[in-house]
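Q: Attaching a single structure in structure tokens format; questions to follow.
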Amino acid sequence: MELHGYAATVVLLRDGADGLETLLLQRPSRRGSFAGAWVFPGGLVDPDDHAPQPDGADPVADPLASGGSADAATDAATAAAVRRAGVRETEEETGLLLDPAALVPLSCWIPPAEVPRRYRTWFFLAPAPEGRVRLSPDEHVDSAWLAPAEALDRHRRAELELVTPTWVTLHHLAAFGSAEEALRAATAAAPETFISRQHPGDAPGTAMVIWQDDAAYPGAPGTAPAARHRLVMDGRNWTYERTPA
């Protein structure tokens, strides 16, 4: 199914008293996409994001235009527009101003075919700037700086709701002890592409989201029969399974 455009998500990182923290925003419960969910700042790329900047500050070489798989290929002009969208949306939603060059590409997410309007969404890590979060009331109703593991645990306890890309990103970040460590790792790695597919769970009452290197993924030639790359969802108990490469 056709993709309708691009979007940007910015994962702001800082060091709290107990280690790495990231900013999550709660969507209104009765309107818009991801109603009631806690998400990272971000949104769609607007036409104005494609306009060349007068100071010519766009990076000449962008990992978005060279990293990741062919499924996530993004030309240089679009890559710059996605960065600008991430900066713009973050400022609109939180009042925090970022340098586009400080955004480190982490991953690219393509939703399942069942989603009515599908966007290629780039996730970036960025160091949180100084300043107080000021929410846009039309966009979000609450915010919190949380350790990734704490956010995952609150989701499990039904104290907050996460969607798949947010959950998987937090699961990834839980392995890092500081913002610098997470940013350094993302800078050294190619962005990963997640082309999501919905799939029935193996056990009654469960569901899964699977990705390209899972044995159950449609049209995955050469994948070992036991290969796993999936998120298993059993109520609020979610488990990320991935076979080492």
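Heads up, the sequence shown is in UniProt numbering, so the first residue is 1 and it goes up one at a time. Note that beta-carbon positions come from the ideal geometry of N, C-alpha and C, so glycine has one too. Just so you know, these numbers come straight off a predicted model, no measurement behind them.
(1) Can you tell me where the beta strand (DSSP E) with W122 in it begins and where it stops?
(2) Just verifying my parser: in three-state terms, what is the DSSP assignment at S69?
(3) How would you label G201, buried or exposed, when you count the other beta carbons within 10 angstroms and need 16 or more for buried?
(4) Taking just the CA atoms, how far does F40 sit from H140?
(5) In terms of residue numbering, what span does the beta strand (DSSP E) encompassing E192 cover?
(6) Once DSSP output is grouped into helix, strand and coil, what is the label at P100?
(7) Are the stretch 107-116 and the stretch 195-211 touching by the rule of at least three beta carbon pairs closer than 8 Å?
(8) When the Cβ atoms of the stretch 13-33 are set against those of the stretch 143-158, are three or more pairs found closer than 8 Å?
(9) Can you find at least 3 beta carbon pairs, one from the stretch 92-102 and one from the stretch 117-135, that sit closer than 8 Å?
(10) Locate the beta strand (DSSP E) running through R242, then write down its first and last residues.
(11) Can you give the Cα-Cα distance for R228 and P52, rounded to whole angstroms?
(12) For L3, is the classification buried or exposed, using 16 other Cβ atoms within 10 angstroms of its Cβ as the cut-off for buried?
(13) Mapping the DSSP letters down to three states, classify H171 as helix, strand or coil.
(14) Given a cut-off of 8 Å, decide if L125 and L183 are closer than it, judged by their beta-carbon atoms.
(15) Report yes if the CB atom of A7 is closer than 8 Å to the CB atom of Y119, and no otherwise.
(16) A207: which of A158, G219, T121 and N237 sits nearest, CA to CA?
(17) Leaving out five residues on either side along the sequence, give the residues of the same chain with a beta carbon under 7 Å from the beta carbon of D49.
(18) Among D46, A179 and W167, which one has its Cα closest to the Cα of V104?
A: Judging by the given coordinates:
(1) Start and end: R120 to P127.
(2) Note that S69 scores a pLDDT of 49, beneath 50, so its modelled location is shaky; the value from the coordinates is reported in the next line. Coil at S69, not helix or strand.
(3) exposed
(4) Rounded to whole angstroms, H140 to F40 spans 11 Å at the Cα level.
(5) E192 to I195
(6) helix
(7) Judged by Cβ distances under 8 Å, the stretch 107-116 makes contact with the stretch 195-211, as three or more pairs qualify.
(8) Contact between the stretch 13-33 and the stretch 143-158 is present, because at least three Cβ pairs lie under 8 Å.
(9) yes
(10) N237 to R242
(11) Distance between the alpha carbons of R228 and P52: 42 Å.
(12) Label assigned to L3: exposed.
(13) Helix.
(14) yes
(15) yes
(16) N237
(17) A81, R84, A85 and R88
(18) A179
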